[in-house]
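So the sequence shown is numbered by UniProt numbering: it starts at 1 and just counts up by one. Each residue gets a CB set at the ideal place from its N, CA and C atoms; glycine is no exception. All values reported here derive from a predicted model rather than from experimental measurement. A short write-up of the structure that comes next.
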Amino acid sequence: SSSDAIHCICGFIHDDGFSIACDDCGRWSHALCFDITKECVPDEWKCWKCVPRSVDREKAAKKQREKVRRDREIAAANLNDGLVGPGVVNGVGPGGLGGVGTASATTGGGRRRTKENRINATVSTPEEHVNIEDDWKTSYVPITEDIVPHTSTRDKLRQHARGWRGVSALSPSPEDPLTKTKVVPIPPSKDDLTASIRPPSYGLQTTLPIPQTELIAPFKSTIVPSGVYLSDPLNAYAHLGMPKPHVHIVPPPLSLALDARTAGNEARFARSGCRPNAVLRPVLCKKTTKTKTSPPRSRSTSDNTTLSFAIFALRDLKAKEEVVLGWEWDDSAVVHELPALIES
Numbered sequence: 001s002s003s004d005a006i007h008c009i010c011g012f013i014h015d016d017g018f019s020i021a022c023d024d025c026g027r028w029s030h031a032l033c034f035d036i037t038k039e040c041v042p043d044e045w046k047c048w049k050c051v052p053r054s055v056d057r058e059k060a061a062k063k064q065r066e067k068v069r070r071d072r073e074i075a076a077a078n079l080n081d082g083l084v085g086p087g088v089v090n091g092v093g094p095g096g097l098g099g100v101g102t103a104s105a106t107t108g109g110g111r112r113r114t115k116e117n118r119i120n121a122t123v124s125t126p127e128e129h130v131n132i133e134d135d136w137k138t139s140y141v142p143i144t145e146d147i148v149p150h151t152s153t154r155d156k157l158r159q160h161a162r163g164w165r166g167v168s169a170l171s172p173s174p175e176d177p178l179t180k181t182k183v184v185p186i187p188p189s190k191d192d193l194t195a196s197i198r199p200p201s202y203g204l205q206t207t208l209p210i211p212q213t214e215l216i217a218p219f220k221s222t223i224v225p226s227g228v229y230l231s232d233p234l235n236a237y238a239h240l241g242m243p244k245p246h247v248h249i250v251p252p253p254l255s256l257a258l259d260a261r262t263a264g265n266e267a268r269f270a271r272s273g274c275r276p277n278a279v280l281r282p283v284l285c286k287k288t289t290k291t292k293t294s295p296p297r298s299r300s301t302s303d304n305t306t307l308s309f310a311i312f313a314l315r316d317l318k319a320k321e322e323v324v325l326g327w328e329w330d331d332s333a334v335v336h337e338l339p340a341l342i343e344s
């Protein structure tokens, strides 16, 4: 339910398996992000909104990313051993990365409200049916705001935002769903002999007509300097000549990498192709925040304007048309030699 939604300092909205609720407003947060363990749950806890205090958002986001990585490694190991919990797809339950929802919470005079989920490891039989229709929902951690681990990157985004003063800023509600698009499975080619042994592919499809130049969907990701992404040998950029799926490189002067492999939103499923009908562009976003001491319509906006990114239509799009971005080949990639080879 909406009352059980996670709103934490880390920016992640998934249920990591152990969350804690504020005694004043009822906001659920990840206990891990506040260094709260299952053995030492405080009798009373209030969130950073009800009791203003300094919080380390970068540290909390790093903890969640590490936990996501560990949980996926464990889930993969269990899957290889034939241990899959009921209702679990790829080791991840319908409640998110925390697994099957078996919440135990106490209220009233006892210990304060906490919620713990766990995966019940049972041996799955060959006859057991596993629903993989929404398997794409378990392939990433949904976020409503960009994750910016480096302070220098955050400062760069704000600096460029200040340079765009006078431009109308977008103020989308982070809770609004991507009503213009939906994620759809991509049917394999008839000539694809390996389709049965590879994971399914997905794309981003429009749900209604979208005029040219109109915003299609915000693109949420982990934003890092492009040099950090390009220099990591695990990304194999020199070998591939292009970023990996769900990653986009923003050229100078921003020089950023938008990495939505682990955390992002549905826009991450927009595929690249030779005939693009959409483009990824920076947008000026004004993040408005309410304060308890201000009137209902008064909002504090100082230093809250920053750059984010979104997908825009290059031409008029029809309903049920796949959103396609352009390829991002490196300038030195051999693919640029193909036109000359074909002509010769």
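9 angstroms Cβ cutoff met for residue i and residue j
i	j	result
leucine 208	alanine 319	yes
leucine 204	glutamate 322	yes
isoleucine 223	threonine 153	yes
cysteine 274	leucine 307	no
cysteine 22	cysteine 47	yes
arginine 261	arginine 271	no
valine 141	phenylalanine 12	yes
threonine 277	leucine 230	Per the sequence presented here, residue 277 reads as asparagine, with threonine not at that position. Result no, Cβ atoms of asparagine 277 and leucine 230 do not sit closer than 9 angstroms.
alanine 5	isoleucine 147	no
glycine 241	alanine 333	yes
alanine 238	lysine 244	no
tryptophan 45	isoleucine 74	no
Residue i, enclosing alpha helix (DSSP H) - first and last residue
i	result
glycine 17	Run containing glycine 17: none; DSSP gives neither H nor E here.
histidine 239	237 to 240
glycine 163	151 to 163
proline 233	Unbroken run through proline 233: none, as it is neither H nor E.
Among the options, nearest to residue i - alpha-carbon criterion
i	options	result
aspartate 330	Lys182, Pro251 and Phe12	Pro251
lysine 156	Pro225, Pro211 and Thr181	Pro225
proline 218	Asp43, Leu254 and Thr181	Thr181
proline 253	Leu240, Gly227, Ser231 and Pro187	Gly227
arginine 57	Arg72, Asp35, Glu44 and Arg70	Asp35
glutamine 64	Arg72, Cys33 and Asp43	Cys33
histidine 246	Ala257, Ala238 and Phe312	Ala257
glycine 26	His14, Lys38 and Cys8	Cys8
leucine 280	Asn304, Ile249 and Thr305	Ile249
arginine 158	Asp16, Thr305 and Val324	Thr305
asparagine 265	Trp45, Arg53, Thr138 and Asp71	Thr138
threonine 179	Thr206, Pro188 and Ala161	Thr206
serine 255	Leu338, Ser344, Lys38 and His160	His160
tryptophan 164	Asp24, Leu234 and Val283	Val283
aspartate 259	Leu234, Asp24, Pro233 and Ser221	Ser221
residue 345	Thr151, Pro233 and His14	Outside the modelled stretch of the chain, which goes from 1 to 344, sits residue 345, for which no answer is possible.
lysine 59	Ile342, Pro149 and Ser344	Pro149
threonine 213	Phe312, Arg53, Val324 and Pro52	Phe312
lysine 38	Asp24, Phe18 and Val55	Phe18
Delimiting residues of the beta strand (DSSP E) encompassing residue i
i	result
arginine 271	271 to 273
isoleucine 342	Premise fails: isoleucine 342 lies in the alpha helix (DSSP H), 338 to 343, not in any beta strand (DSSP E).
proline 185	181 to 186
residue 432	The displayed coordinates of the chain run from 1 to 344. Any statement about residue 432 would go beyond what the structure contains.
glycine 26	Looking at the DSSP string, glycine 26 is not in any beta strand (DSSP E), and its letter there is neither H nor E.
aspartate 331	Per DSSP, aspartate 331 belongs to no beta strand (DSSP E) and is neither H nor E.
histidine 248	247 to 250
aspartate 259	256 to 259
phenylalanine 309	305 to 313
threonine 222	222 to 225
threonine 206	201 to 206
isoleucine 9	Looking at the DSSP string, isoleucine 9 is not in any beta strand (DSSP E), and its letter there is neither H nor E.
isoleucine 216	215 to 218
Cβ-Cβ separation, residue j to residue i (assumed contact under 8 angstroms), whole Å
i	j	result
isoleucine 216	serine 201	The Cβ separation is near 20 angstroms, so there is no contact.
cysteine 10	histidine 30	6 angstroms
lysine 67	aspartate 16	6 angstroms
proline 211	aspartate 316	6 angstroms
Residue i CB to nearest heavy atom of the ligand ADP below 8 angstroms
i	result
glycine 26	Ligands displayed in this structure: none; no statement on the ligand ADP is therefore possible.
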